């Protein structure tokens, strides 16, 4: 979790901190806030200003800090926008820390809060205007379900071009679970003097609307009295006694009676609501200035409100509320709300739904007369959704559209480079990486992906030199892990050295597993075993470690040790671990001992209570046995009707037996369950090829490519379809695509059919 944030820091690679209010660093030495801290930031991509609120560093290790902040954030966001409160736009997580993105209220002529105006010569009209605005804001807060603000003081009343904006409502109540001594010490030590605004009953733990009215009475007294408070405490008295016993001095002001009513010692004798207080203030305004007070309130639409609320629920993992909020925001088919929904779906890994919603927005663009969508971001995100679905060609189409809208959209160029690298097109891949690095020589994604490309083409020195351009000051060790991963297939020792550097700063299971794998690849069994022992000793879930590491030991030739790990898994865990160990063991020994494999799988089928384990066992039996009994696939699908591998094996079984009608029947059935499945398109294409239906076969193979099966076999099938269709130019084009793929040499010997 990020800490010690300073002016000039960049949060989440997007928000540059330009001012800090509250916490350890403030805009000036007299500016303080409550338990939170607010960062005024600039979005380095759009140049827009935002205010980001979070809790102060001192509360990071309090047990309930995150949950309390989450509660405050969601309560604040649930408030619809109102002109007299600081709007909470969205809740988000940046570098593992929760932030509330607020409407930015920047200082005007060095002044931001009411505190900065207390010593100015304010007119009665100005005081009434601000006070009535404040009451409107508090009425709205109370009517929206937040009954107590809890911390009314000049610091929490912002002034922006004569508009009053209330902030930090509900903060004290929501942070009550923080350490009491720490909170009390904070408020006791701060010159801001929150204690000076607390009603007598609050010291006894009783809060209400009347206690907020009392606090505002103190503020109103200061407004009329040039900043001077109604109470004086020489630090020898307890603040609760000061509030309970001090007689409030009279003021030579039309507001004297109103102030005294706000500051009554007994809550019942005060105003019962801010509406009641506002009516009295407006009466004086109307009498003194001979015209009705006009609040100039604005009605805000629901679309943006529910979209922002939905996004915030998404960030905090409240997925049911997330869907319900967006359902309301999308009733009018608002494009901006749908873009937010699609973005959240993508962050949740719902790439298909995300893509569908982005597509709706793209279709709506031509129908909208007043469009405010950023088309470059829309096309990029749609391309990213296709990319995540491994639909490379559609992804490339939208990345290219992104660059038509914005030729300097560097992430689109990096992703295009990645697409061309996946397709084996070294020249175009390099071209896009180089275009980015020419503008931003240290852009990490371009450096990393180009280094990976160079390693794949055995240009190791050039790849190494790219990492030297990374600014080490901003690096948290990730570059060492990335270098280790890049070189792991080409230079084990270099990979080991880089991973060791990463482990100096990070001590996670994944990096230790990589280290274990590297040691085994280099023949260092004792070192690998030492890492395994360390993982087992320090892990809270030892069975997960056993499941993760046993295949690694087995593939590197340490079969006996791997099987010993699986035996530990069998005897040490609950019953489900026993059958999980059998599944793993069956997978490991299948090539060497098919009879033992069958015994293990049969035992799982008879004894396991897990449908998932039984389904996998039936499917493995079918896969491993030469006889391939179709009843095993029947049983797998009976247990798990949507088990994809069983569906694919069913189709392959009929293809191998040249039973085209049944194979096509299974394809028709499976396609209804797995829409746009690249493997099903490929199998369907193979059938059409064997039936000499070359036009249809070509179409199906192209669909297989489109939906993610980037494979030399697909390219060569398409090549041969074009040969059969007498289009030699297209045939040569697809042959070239196939040859460009990285693993051409591995596949070429497997390519056995001819035209």
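Residue numbers (full-length UniProt numbering): 1 to 755.
Every residue gets a Cβ at the ideal spot worked out from N, C-alpha and C, and that includes glycine.
Predicted model, so just to flag it, every value in this text is computed and none were measured.
Own chain, CB closer than 8 angstroms to residue i, minus 5 neighbours either side, in chain order
i: residue 189; result: No answer about residue 189 holds up, because its pLDDT of 39 lies below 50 and its placement is not dependable.
i: residue 220; result: 127, 131, 255, 258, 259, 262
Close-in-space but distant-in-sequence residues of the same chain around residue i (CB under 6 angstroms, 5 per side omitted)
i: residue 239; result: 195
i: residue 488; result: 495
i: residue 406; result: 376
i: residue 553; result: 561, 562
i: residue 633; result: 622, 646, 649, 650
i: residue 85; result: 137, 166
i: residue 549; result: 532
i: residue 39; result: 17, 20, 52
Contact belief for residue i with residue j at Cβ below 8 angstroms, rounded distance in angstroms
i: residue 518; j: residue 496; result: 5 angstroms
i: residue 7; j: residue 18; result: 7 angstroms
i: residue 734; j: residue 715; result: 5 angstroms
i: residue 671; j: residue 651; result: Rounded, the Cβ-Cβ distance is 10 angstroms, inconsistent with contact.
i: residue 134; j: residue 166; result: 7 angstroms
i: residue 665; j: residue 717; result: Residue 665 to residue 717, Cβ: 22 angstroms. No contact.
i: residue 429; j: residue 453; result: 6 angstroms
i: residue 667; j: residue 691; result: About 13 angstroms; that fails the 8 angstroms criterion.
i: residue 730; j: residue 722; result: 4 angstroms
CB contact check: residue i to chain B, cutoff 9 angstroms
i: residue 382; result: This model lacks chain B altogether, as it is built from one protein chain only.
Backbone CA spacing between residue i and residue j [nearest angstrom]
i: residue 120; j: residue 226; result: 7 angstroms
i: residue 404; j: residue 622; result: 51 angstroms
i: residue 437; j: residue 394; result: 25 angstroms
i: residue 364; j: residue 392; result: 24 angstroms
i: residue 329; j: residue 346; result: 18 angstroms
i: residue 421; j: residue 711; result: 13 angstroms
i: residue 577; j: residue 603; result: 14 angstroms
i: residue 516; j: residue 588; result: 19 angstroms
i: residue 200; j: residue 244; result: 6 angstroms
i: residue 343; j: residue 311; result: 9 angstroms
i: residue 629; j: residue 547; result: 29 angstroms
i: residue 136; j: residue 168; result: 16 angstroms
i: residue 675; j: residue 99; result: 38 angstroms
i: residue 203; j: residue 241; result: 10 angstroms
i: residue 620; j: residue 9; result: 53 angstroms
i: residue 557; j: residue 78; result: 58 angstroms
i: residue 423; j: residue 383; result: 16 angstroms
i: residue 727; j: residue 740; result: 20 angstroms
i: residue 14; j: residue 50; result: 11 angstroms
i: residue 593; j: residue 544; result: 26 angstroms
i: residue 700; j: residue 681; result: 5 angstroms
i: residue 192; j: residue 291; result: Because residue 192 sits at a pLDDT of 34, beneath the cut-off of 50, its placement in the model cannot be relied upon, and the point is left open.
i: residue 595; j: residue 677; result: 34 angstroms
i: residue 115; j: residue 89; result: 25 angstroms
i: residue 468; j: residue 501; result: 15 angstroms
Cut-off 7 angstroms between Cβ atoms - residues of its own chain near residue i, not counting five sequence neighbours on either side
i: residue 571; result: none
i: residue 396; result: 416, 419
i: residue 597; result: 586, 589, 590, 624
i: residue 600; result: 582, 585, 586
i: residue 525; result: 558
i: residue 663; result: 651, 654, 655, 687
i: residue 644; result: 674
i: residue 696; result: 688
Proximity below 9 angstroms, CB of residue i to CB of residue j
i: residue 612; j: residue 640; result: yes
i: residue 124; j: residue 287; result: no
i: residue 81; j: residue 73; result: no
i: residue 413; j: residue 433; result: yes
i: residue 315; j: residue 92; result: yes
i: residue 456; j: residue 481; result: no
i: residue 197; j: residue 164; result: no
i: residue 679; j: residue 725; result: no
i: residue 535; j: residue 513; result: yes
i: residue 208; j: residue 249; result: no
i: residue 609; j: residue 575; result: yes
i: residue 355; j: residue 378; result: no
Exercise. Is there contact between the stretch 151-159 and the stretch 305-317, where contact requires at least three CB pairs shorter than 8 angstroms?
Worked result: Note that the stretch 151-159 does not touch the stretch 305-317; fewer than 3 beta-carbon pairs, one per stretch, sit closer than 8 angstroms.
Exercise. Is the stretch 429-449 touching the stretch 458-465, taking contact as three or more C-beta pairs under 8 angstroms?
Worked result: No, they do not touch.
Exercise. When the Cβ atoms of the stretch 260-280 are set against those of the stretch 211-231, are three or more pairs found closer than 8 angstroms?
Worked result: Contact holds: three or more Cβ-Cβ distances are below 8 angstroms.
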